[in-house]
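Asks: Take the sequence shown: its position 162, counted from the start at 1, is 162 in full-length UniProt numbering, and no numbers get skipped. No residue lacks a Cβ here, since even glycine has one placed at the ideal position from N, Cα and C. These numbers come from a predicted model, not from an experiment. What follows is a single structure, and I will ask about it in a moment.
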Amino acid sequence: MPVDEQNFLKTRVSVLSTLTTMTLRLLVDQSQLQYIHSDSEYKASSPEPSQSSQEAQASNDSHKDRLFVVFEQQLKTLLQHCMKCGALITKEEMKELENKGSQLTLDLTCVNGCSHRRQSQPTVSGTKGAGNLLLTASVFFSGIYLAKFEQFCKTMNLKTISEPTYTALRNKYVYPVIEKTLQ
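As structure tokens, then:
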């Protein structure tokens, strides 16, 4: 590969990486990023930051969070004990709610009757999870054809966004942030 072509590719990758990072930061900063917890009556026994300050910190750091591929059964194993009382949560009491895209939402009830709702990722106002927005921006800025990405995810049995979701999120969030960034 000629040196000029290598430099061009390095520059393109650098620009795309910078644009992706800037876009994700703007998306996180402009949106109402929040973690959803239904157990608001839960009181920690030790002094900890308030939930609202934790949510604010999550809003500031979400674009820095590392993401992992997590197997469903492993996740359910991690959630098999109640966060309030430590009692067992049986598989029958782990109810999966309607999930869209890459987010998993479970309603959990322990044998003592405590109820919790857990989501696999923070939500962004107007989306079904920050992961859906991150996938949209990442696919867009990486230059991958969505059909190839969908094929990859299907082959791996990896939950992802659909083409209509990709298009809607791209039009609602990614394009406006690009326009704002270029002004």
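Name, in chain order, the residues that DSSP records as bridge partners for Lys95.
Replies: Translated into positions along the sequence shown, residue 95 becomes position 95. The partner list for Lys95 (beta bridge, DSSP) reads Asp107.
Asks: With burial defined as no fewer than 16 other Cβ atoms inside 10 Å of the residue's Cβ, what is the status of Val174: buried or exposed?
Replies: Translated into positions along the sequence shown, residue 174 becomes position 174. With 16 or more other Cβ atoms within 10 Å, it is buried.
Asks: How about the segment 104–112 and the segment 169–183: do they share at least three Cβ pairs that are nearer than 8 angstroms?
Replies: No, because fewer than three Cβ pairs between the segment 104–112 and the segment 169–183 fall closer than 8 angstroms, the two stretches do not touch.
Asks: Starting from the Cα of Gln73, find the closest Cα among Thr90, Phe141 and Lys84 and give me that residue.
Replies: The residue you call residue 73 lines up with position 73 of the sequence shown. Nearest of Thr90, Phe141 and Lys84 to Gln73, Cα basis: Thr90.
Asks: Have a look at Ser31 and Phe140 and give me their C-alpha separation to the nearest angstrom.
Replies: What you label residue 31 is simply residue 31 of the sequence shown in a count that begins at 1. What you label residue 140 is simply residue 140 of the sequence shown in a count that begins at 1. Residue confidence for Ser31 is low, a pLDDT of 49 falling below 50, so the modelled location carries little weight and cannot support an answer.
Asks: Would Gln119 be called buried (16 or more neighbouring beta carbons within 10 Å of its own) or exposed?
Replies: Position 119 of the sequence shown holds residue 119. Its Cβ being crowded by 16 or more others within 10 Å, Gln119 is buried.
Asks: In chain order, what residues of the same chain have a beta carbon less than 6 angstroms from the beta carbon of Gln121, not counting five sequence neighbours either side?
Replies: The residue you call residue 121 lines up with position 121 of the sequence shown. Hits under 6 angstroms: Gln103, Gly129, Ala130 and Gly131.
Asks: I need the boundaries of the alpha helix (DSSP H) containing Gln74, first residue and last residue.
Replies: Here residue 74 corresponds to residue number 74 of the sequence shown, with the count starting at 1. From DSSP, the alpha helix (DSSP H) with Gln74 extends over Glu72 to Leu78.
Asks: Between Lys148, Pro164, Ala137 and Leu146, which has its C-alpha nearest Ile178's C-alpha?
Replies: Here residue 178 refers to the residue found at position 178 of the sequence shown. Answer by Cα proximity: Ala137.
Asks: Taking C-beta to C-beta, are Leu75 and Glu93 nearer than 8 angstroms?
Replies: In the sequence shown, residue 75 corresponds to position 75, counting from 1. In the sequence shown, residue 93 corresponds to position 93, counting from 1. In this structure, Glu93 does not lie closer than 8 angstroms to Leu75 by Cβ.
Asks: Spell out whether any CB of chain C is found under 8 angstroms from the CB atom of Asp65.
Replies: The structure shown contains no chain C, having only a single protein chain.
Asks: Quick one: what's Gln119 bridged to in DSSP?
Replies: Sequence index remark: in the sequence shown, residue 119 carries index 119 (1-based). Answer by DSSP bridge pairing, in chain order: Thr105.
Asks: What's the C-alpha gap between Pro176 and Pro164?
Replies: Against the sequence shown, residue 176 aligns to sequence position 176. Against the sequence shown, residue 164 aligns to sequence position 164. Pro176 and Pro164: Cα-Cα distance of roughly 18 angstroms.
Asks: So, at 6 angstroms on beta carbons, what are the nonlocal neighbours of Tyr166 in its own chain, with the 5 sequence-adjacent residues on each side left out?
Replies: By 1-based counting over the sequence shown, the position of residue 166 is 166. Excluding positions up to five away in sequence, the list reads Thr136 and Leu146.
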